[in-house]
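Numbering (our numbering), first residue to last: 385 to 933.
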């Protein structure tokens with residue numbers, strides 16, 4: 385049953401204070417997130433028809449093909465006030481005095497605003513989490529400060545949890561009015577407000593969660609929301625599913641750029657092809673003097689009078705967005721760790737401007753899967769329930785994900801902020817996915833780019849190996865190596881990033897220079913997370929120069 389969420393309930397324990405005037409629950413606004421103006425506002429329908437590029441007319445799916453939400457059930461205010469009284473009594477047992485000033489019911493958890501009395505430390509409140517769970521018979525409880533207030537938010541799970549269906553988010557005003565073709569349905573926040581995200585602003589997303597936590601369901605909800613918002617001419621999907629379980633439902637949808645990839649080695653090859661596509665797009669943007677794909681595609685709008693042709697004389701076309709979805713990153717990192725990490729890093733660093741975006745999911749958020757290089761280039765991260773605090777810190781750089789409730793309960797780190805936002809993702813069933821896929825298959829068939837599946841062979845592989853050989857030869861014979869040695873010895877730091885910055889080299893070239901210094905006995909071998917030691921004194925270079933004279 386779905387709960388009708390009333391306004392925040394003012395509450396106080398008589399006779400301490402009088403009821404406080406209800407105030408809006410705190411909402412964290414961040415880039416990539418949108419806040420619902422009014423959850424009860426009648427939904428605005430999506431446009432029934434859109435003309436695709438090339439003159440093909442497509443009909444966007446109607447939200448009516450999705451399952452409607454269940455009947456509504458009102459919230460019992462007496463039960464909420466009784467739990468608030470239990471909270472106050474339990475705190476007082478441990479010498480933490482204060483009052484519950486407001487209650488904010490939500491679809492999955494209810495937030496109780498607790499105001500400690502003067503002299504009560506915040507740490508004394510947070511240290512009582514386990515005792516509160518015992519007193520309220522709760523699976524887990526979150527306690528955090530409320531920005532802009534002198535109160536503490538205590539998030540307690542509801543006895544009757546609301547199931548959030550994807551149709552509710554699709555029919556919301558946020559989703560309907562979003563102009564981005566990459567609008568993602570994220571779910572509802574702890575107060576029941578609809579949340580959608582713009583993948584173009586994120587611009588990549590890293591997702592982690594243990595088995596059964598709701599990670600795959602949320603991933604499906606994001607893909608379906610893209611299918612509701614865009615035509616095959618506007619967005620292309622590359623789906624990589626090493627587990628062969630989740631993404632096979634989208635077989636045959638015309639948005640696919642390639643057939644669904646299931647082999648890890650082939651997936652690594654597809655990622656390398658994506659980097660080449662990125663480079664080609666960057667050249668096109670530079671040739672036309674534009675900075676991003678939005679400016680480039682405006683050239684091809686119907687009202688534009690320009691008639692553009694490429695170097696071969698063929699008429700150019702607008703570029704579709706490409707969304708690469710990887711359902712299990714760990715499988716790829718086990719087979720091709722170096723190639724996969726390098727490709728993901730390059731795409732994360734440079735692909736945003738050309739309309740290529742990544743959604744990476746894994747159920748094993750360890751440091752050998754989510755490496756420091758990958759995490760540094762993916763600022764938007766989402767975590768469902770994980771097994772331990774270590775896993776939570778690996779994905780979010782903070783504790784908390786280990787105490788989530790599961791079944792879609794998640795913490796989101798939006799881009800541009802370190803503050804976590806708790807959301808509840810929507811449910812989309814296999815039948816609903818099947819209806820959406822059939823909707824599109826009846827209108828068109830996928831046109832695969834077979835080049836993406838071809839392995840690097842013959843000329844391409846030889847060219848790559850020749851280029852690597854040339855780089856190694858340059859490192860050995862050119863003055864770059866001598867200059868790199870001088871920088872390392874004089875600074876006393878064997879840092880790849882230092883060489884990249886000082887010599888303006890790529891990561892691979894700088895790393896090879898460090899490896900060569902190790903062979904020559906100039907720097908030590910790597911020792912886990914510790915930096916390499918410089919084994920030569922600063923005056924060693926002068927001694928070498930004197931001996932060569």
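Note that the Cβ used here is the ideal one computed from N, Cα and C, for glycine as well.
- Just so you know, the alpha carbons of residue 921 and residue 895 end up roughly 22 Å apart.
- Residue pairing for residue 601: DSSP places it in no beta bridge.
- Take the alpha-carbon of residue 887 and the one of residue 869: they are about 11 Å apart.
- Counting of Cβ neighbours within 10 angstroms places residue 832 among the exposed residues, the total staying below 16.
- The way I'd put it, the segment 550–568 doesn't touch the segment 754–773; fewer than three beta-carbon pairs between them come closer than 8 Å.
- With respect to the 9 Å criterion, residue 805 and residue 785 are not classified as neighbours on the basis of their beta carbons.
- Inter-residue distance for residue 839 and residue 728 is about 18 Å (C-alpha atoms, whole angstroms).
- Taken atom to atom, the span from the alpha-carbon of residue 898 to that of residue 598 is near 43 Å.
- For residue 820, the enclosing alpha helix (DSSP H) starts and ends at 814–825.
- Residue pairing for residue 745: DSSP places it in a beta bridge opposite 591.
- Per DSSP, the beta bridge partners of residue 582 are 567.
- Partner residues in the beta bridge of residue 498, as assigned by DSSP, are 484, 536.
- Straight-line spacing of the CA atoms in residue 558 and residue 579 works out to 8 Å.
- Nearest neighbour of residue 651 by Cα position, chosen from 719, 817, 595, 470, turns out to be 719.
- Contact between residue 901 and residue 878 holds: their C-beta atoms lie close to 7 Å from each other, under 8 Å.
- The beta carbon of residue 595 lies closer than 8 Å to those of 747 in the same chain, with the five residues before and after it left out.
- Shortest Cα-Cα distance from residue 834 to any of 555, 460, 668, 622 involves 622.
- With a threshold of 16 other beta carbon atoms within 10 Å, residue 795 meets it and is buried.
- Here the segment 508–523 makes contact with the segment 465–484; the two share three or more CB pairs at distances below 8 Å.
- If you draw a straight line from the Cα of residue 503 to the Cα of residue 515, it is about 21 Å long.
- DSSP places residue 775 in the uninterrupted alpha helix (DSSP H) bounded by 773–780.
- In the displayed model, residue 914 falls within a strand according to three-state DSSP.
- Here residue 864 is not near residue 907, since their CB atoms are 9 Å or more apart.
- In this structure residue 709 is in contact with residue 743, their Cβ atoms being roughly 5 Å apart against a cut-off of 8 Å.
- Approximately 6 Å separates the beta-carbon atoms of residue 837 and residue 642; this is inside 8 Å, confirming the contact.
- When C-beta atoms of the segment 533–553 are compared with those of the segment 483–495, three or more pairs fall below 8 Å, so the two segments count as touching.
- Between residue 824 and residue 638, the C-beta gap is smaller than 9 Å, which places the two residues in contact.
- Below 8 Å, too few C-beta pairs join the segment 567–581 and the segment 442–459 to call them touching: fewer than three.
- Note that the C-beta distance between residue 761 and residue 656 is not below 9 Å.
- Across the structure, residue 811 and residue 493 are spaced so that their CA atoms are roughly 17 Å apart.
- When the five nearest sequence neighbours on each side are left out, the beta carbons in the same chain lying within less than 7 Å of the beta carbon of residue 608 are those of 550, 812, 817, 820, in order along the chain.
- Counting of Cβ neighbours within 10 angstroms places residue 535 among the buried residues, the total reaching 16 or more.
- Under the 10 Å beta carbon count, residue 800 is surrounded by fewer than 16 other beta carbons and is classified as exposed.
- The alpha-carbon separation between residue 507 and residue 789 amounts to approximately 23 Å.
- Rounded to the nearest angstrom, the Cβ distance from residue 454 to residue 807 is 20 Å, too far for a contact under 8 Å.
- For residue 889 and residue 716, the gap between their C-alpha atoms comes out near 27 Å.
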